[in-house]
Amino acid sequence: MNILVCISKTPDTTAKIAFTEGNTKFDENGVQWIINPYDEWYSLVRAIEIKEKDPTTNIHLITVGGPEAEPIIRKALALGGDEAIRVNSNSNDSYVIAQQIAAIAKQGAYDLIMTGKETIDYNSACIGSMLSAILDLPYVSLANHLEVNGNTATIQREIEGGEETNEVILPMIISCQKGMAEQRIPNMRGIMAARTKPLKVVDPVATNAHTSIKEFSLPPAKTGVKLIAPDQMEELVKLLKEEAKVI
Amino acid sequence: MVLIYIDHSEKEIKKSSHEAISYGAAIAKQLGCSAEALLLGTVNDDLTTLGKLGASKVHQLNNESLNNFDAKVHASLIATTASNLNAEVIVFAHNINGKAIAPSVAVKLDAGIVTGACSLPSLQNGFEVTKTVFSGKAFASIKIETPKKVIAINQNSFGIQNYDSSATIEEMNLPIPTASVKVTNVNKIIGEIPLTEANLVVSGGRGLKGPENWGILLDLAKALGAATACSRPVSDSDWRPHHEHVGQTGIQIAPNLYIAIGISGAIQHLAGVNRSKTIVVINKDPEAPFFKAADYGVVGDAFEVVPAFTAAILKMKHNE
Ligand SMILES: Cc1cc2nc3c(=O)[nH]c(=O)nc-3n(C[C@H](O)[C@H](O)[C@H](O)COP(=O)(O)OP(=O)(O)OC[C@H]3O[C@@H](n4cnc5c(N)ncnc54)[C@H](O)[C@@H]3O)c2cc1C
Numbered sequence: 001m002n003i004l005v006c007i008s009k010t011p012d013t014t015a016k017i018a019f020t021e022g023n024t025k026f027d028e029n030g031v032q033w034i035i036n037p038y039d040e041w042y043s044l045v046r047a048i049e050i051k052e053k054d055p056t057t058n059i060h061l062i063t064v065g066g067p068e069a070e071p072i073i074r075k076a077l078a079l080g081g082d083e084a085i086r087v088n089s090n091s092n093d094s095y096v097i098a099q100q101i102a103a104i105a106k107q108g109a110y111d112l113i114m115t116g117k118e119t120i121d122y123n124s125a126c127i128g129s130m131l132s133a134i135l136d137l138p139y140v141s142l143a144n145h146l147e148v149n150g151n152t153a154t155i156q157r158e159i160e161g162g163e164e165t166n167e168v169i170l171p172m173i174i175s176c177q178k179g180m181a182e183q184r185i186p187n188m189r190g191i192m193a194a195r196t197k198p199l200k201v202v203d204p205v206a207t208n209a210h211t212s213i214k215e216f217s218l219p220p221a222k223t224g225v226k227l228i229a230p231d232q233m234e235e236l237v238k239l240l241k242e243e244a245k246v247i
Numbered sequence: 248m249v250l251i252y253i254d255h256s257e258k259e260i261k262k263s264s265h266e267a268i269s270y271g272a273a274i275a276k277q278l279g280c281s282a283e284a285l286l287l288g289t290v291n292d293d294l295t296t297l298g299k300l301g302a303s304k305v306h307q308l309n310n311e312s313l314n315n316f317d318a319k320v321h322a323s324l325i326a327t328t329a330s331n332l333n334a335e336v337i338v339f340a341h342n343i344n345g346k347a348i349a350p351s352v353a354v355k356l357d358a359g360i361v362t363g364a365c366s367l368p369s370l371q372n373g374f375e376v377t378k379t380v381f382s383g384k385a386f387a388s389i390k391i392e393t394p395k396k397v398i399a400i401n402q403n404s405f406g407i408q409n410y411d412s413s414a415t416i417e418e419m420n421l422p423i424p425t426a427s428v429k430v431t432n433v434n435k436i437i438g439e440i441p442l443t444e445a446n447l448v449v450s451g452g453r454g455l456k457g458p459e460n461w462g463i464l465l466d467l468a469k470a471l472g473a474a475t476a477c478s479r480p481v482s483d484s485d486w487r488p489h490h491e492h493v494g495q496t497g498i499q500i501a502p503n504l505y506i507a508i509g510i511s512g513a514i515q516h517l518a519g520v521n522r523s524k525t526i527v528v529i530n531k532d533p534e535a536p537f538f539k540a541a542d543y544g545v546v547g548d549a550f551e552v553v554p555a556f557t558a559a560i561l562k563m564k565h566n567e
């Protein structure tokens, strides 16, 4: 089985969120970069688990990004990918990114294309669904469980207030979230092996962006907490009812 | 024309789609065109009442098989309908199913898309929509450069408008593509309010010490009619189910009221709840970072404060 795992580079979850160039660019000063947690913990690790059960599985990683994305993709290789492709584009338009991944996907006979449920920077949750339209493949999103049996995938996905089980004939696209797998730490052997695993750099295919970011802004700071003494709970209820008007 | 996709489950239109209709109707007003809704499948709701939310017409593909959600099939039918009706803007709720199909529809229509939108478009310099980014820690204004536009609106960020009118229903006839997903089982947690749809949420952290102490939190949630949530270590330790985990790596929610009990307020936790309208924090440590993000705070022991809070709510409800 051939799996393509989409890997995105995102700021660390504790990174300071600030902007430069007249609030048009994310301020990368001092930012630590990580693999987008949904891509790493859930999608990639589940792919690795599938390979552990069936060693004939190939795991290819793809990232769309500049050379600065390489430490991230090496880390993903250290966790367990077999080889990686970096499409050399710094676009942040989901459509352009999806077209790059689709171009690569068309070249390899992938049974499964896996993404995280969204990235923690732009939170767009677009890539999987866009790939489904471009490649004309079935798509199941927000999956928290995946088993593959022959050419059939059995998936649990989140629905409002519960879960649903889906059966899909491969090939397909799936977006992963919590429950799918447990976070792993790369070991020394994996890190050493990753150094020599193939990492191919390819040029992007020409695509026009559909959107552009005009300006970032920060939410207004909270005006300050109103403290209520522990023995004044009726007062708190009154405030929630009459001042905040939420109950 | 603005076309709004209506999401439903168990024959009921989702609350997030009610909001999407009002949002789409407001865009239609900006553009000077009509707001029409699209329903795939069958529901028990009286569709003419969608006029009250701002839809002048409801296009329905009345076919039971579409009650099973299949992203590929649904996206294809929505895109075809949007083309046939020549819709300029297609609106979705940025909910579970909306996330699965809105980007597909955008690709099929060659439309730019903004997901997680939190305001009406600004038409001053083209068509710009503000969305939340960095897990609610910031906003970005995105310009859509294409003639057709797809917008998925964040839940609980626009609200519901009231119009004094009723919608007409127009049945459609379209060939239905072969299903690509077989739904073999649906497991709904009966009687529980889905977190993402809840107005009120009561959430517990490691400060509650263990699953055996959740009773006081559940009593409070019951008194309020609130959904329940928890911090990541709580679900990681299996004190509470995974689907209650909120935060950067769990679910992001934006209820009217979020009550955090024994949660320190780590940045990753805040990322999932900072869009809540009002935040109440109950923590015994006055230095807990959560107080900085709170509107109301109680410094005290949860085991004393929470039962007293519940009693005060029940008293208020009793007097109403
Ligand atoms: C990459 C990454 C992603 C993460 N994603 C998430 C996420 O999505 N969601 C999430 O929640 N966390 C997430 N975390 C973890 C996060 O950093 C915190 O560790 C976690 O939120 C802490 O949970 P907590 O507040 O329940 O526990 P603690 O930090 O242990 O806080 C317990 C609090 O309870 C208070 N307390 C103790 N006893 C009482 C009492 N009797 N009465 C009242 N208060 C009491 C304490 O003062 C303390 O403030 C993530 C971490 C990383 C590194």
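Protein chains in written order, with the working numbering: chain F, 1 to 247; chain V, 248 to 567.
Built from N, CA and C at the ideal position, the CB exists for glycine as well.
Per DSSP, His-145 (chain F) is one residue of the beta strand (DSSP E) stretching across 139-149. Neighbours of Asn-503 (chain V) across chain F, judged by C-beta separation under 7 Å: Val-246. Close to Asp-121 (chain F), with beta-carbon spacing below 7 Å, are these residues of chain V in chain order: Val-380, Phe-381. Taking the Cα positions, Val-352 (chain V) is about 20 Å away from Lys-261 (chain V). Listed by position along chain F, the residues whose Cβ is nearer than 7 Å to that of Ala-476 (chain V) form an empty set, because the closest Cβ is around 13 Å away. With distances taken between CA atoms, His-490 (chain V) lies nearest to F:Arg-157 out of F:Arg-157, F:Tyr-122, F:Met-188.
Closer than 8 Å at the C-beta level to chain F, one finds these residues of the region 531-559 of chain V: Phe-538, Lys-539, Ala-540, Ala-541, Asp-542, Tyr-543, Gly-544, Val-545, Val-546, Gly-547, Asp-548, Glu-551, Val-552, Ala-555, Phe-556, Ala-558, Ala-559.
The alpha-carbon separation between Glu-52 (chain F) and Gly-116 (chain F) amounts to approximately 20 Å.
Within chain V, the C-beta atoms nearer than 7 Å to that of Met-130 (chain F) come from Pro-350, Ser-351, Val-354, in chain order. The DSSP-derived three-state label of Trp-486 (chain V) is coil. Non-local C-beta neighbours of Lys-304 (chain V) in its own chain, meaning closer than 8 Å and more than five positions away in sequence, comprise Ser-281, Glu-283, Ala-284, Ala-414, Thr-415, Ile-416, Glu-417, ordered along the chain. Along the region 151-172 of chain F, going in chain order, the ones with a CB nearer than 7 Å to a CB of chain V are Glu-158, Ile-159, Glu-160, Gly-161, Gly-162, Glu-163, Glu-164, Thr-165, Asn-166, Glu-167, Val-168. Contact of Met-192 (chain F) with chain V is not assigned, every C-beta pair being separated by 8 Å or more. In the three-state reduction of the DSSP assignment, Thr-154 (chain F) falls in the strand class. Shown here is that no member of the region 47-69 of chain F has a Cβ falling below 7 Å from a Cβ of chain V. Within the region 442-472 of chain V, complete alpha helix (DSSP H) segments of at least 4 residues are found at 462-471, given in chain order. In this chain, the beta strand (DSSP E) harbouring Met-114 (chain F) covers 112-116. In chain order, Ile-159, Gly-162, Glu-163, Glu-164, Thr-165 make up the part of chain F whose C-beta sits under 9 Å from the C-beta of Val-433 (chain V). With contacts defined by Cβ atoms closer than 8 Å, Asn-36 (chain F) and Thr-14 (chain F) do not form a contacting pair.
When 8 Å is used as the limit between beta carbons, Gly-497 (chain V) is near these residues of chain F: Lys-178, in chain order. The Cβ atoms of Ala-385 (chain V) and Phe-216 (chain F) sit closer than 8 Å to each other. When DSSP assignments are scanned along the region 165-243 of chain F, the uninterrupted stretches of alpha helix (DSSP H) that are 4 or more residues long and fall wholly within it turn out to be 188-196, 233-238. Looking at the backbone, the Cα of Ser-450 (chain V) and that of Val-527 (chain V) are separated by about 10 Å. Not flagged as an interface residue toward chain F: Ala-340 (chain V), since no C-beta distance is shorter than 8 Å. Below the 8 Å Cβ cutoff, chain V contributes Val-527, Tyr-543, Val-545, Phe-556, Ala-559 as neighbours of Leu-236 (chain F), in chain order. At a cut-off of 8 Å between C-beta atoms, Leu-447 (chain V) counts as an interface residue with respect to chain F. Residues of the region 403-436 of chain V with a Cβ closer than 7 Å to any Cβ of chain F, in chain order: Ser-427, Val-428, Lys-429, Val-430, Thr-431, Asn-432, Val-433, Asn-434, Lys-435, Ile-436. In this structure Gly-81 (chain F) is in contact with Val-5 (chain F), their Cβ atoms being roughly 7 Å apart against a cut-off of 8 Å.
Only exposed fits Thr-431 (chain V), as fewer than 16 other CB atoms lie within 10 angstroms of its CB. For Ala-244 (chain F), the closest of V:Gly-288, V:Thr-525, V:Thr-475, V:Gln-515 by C-alpha to C-alpha distance is V:Thr-525.
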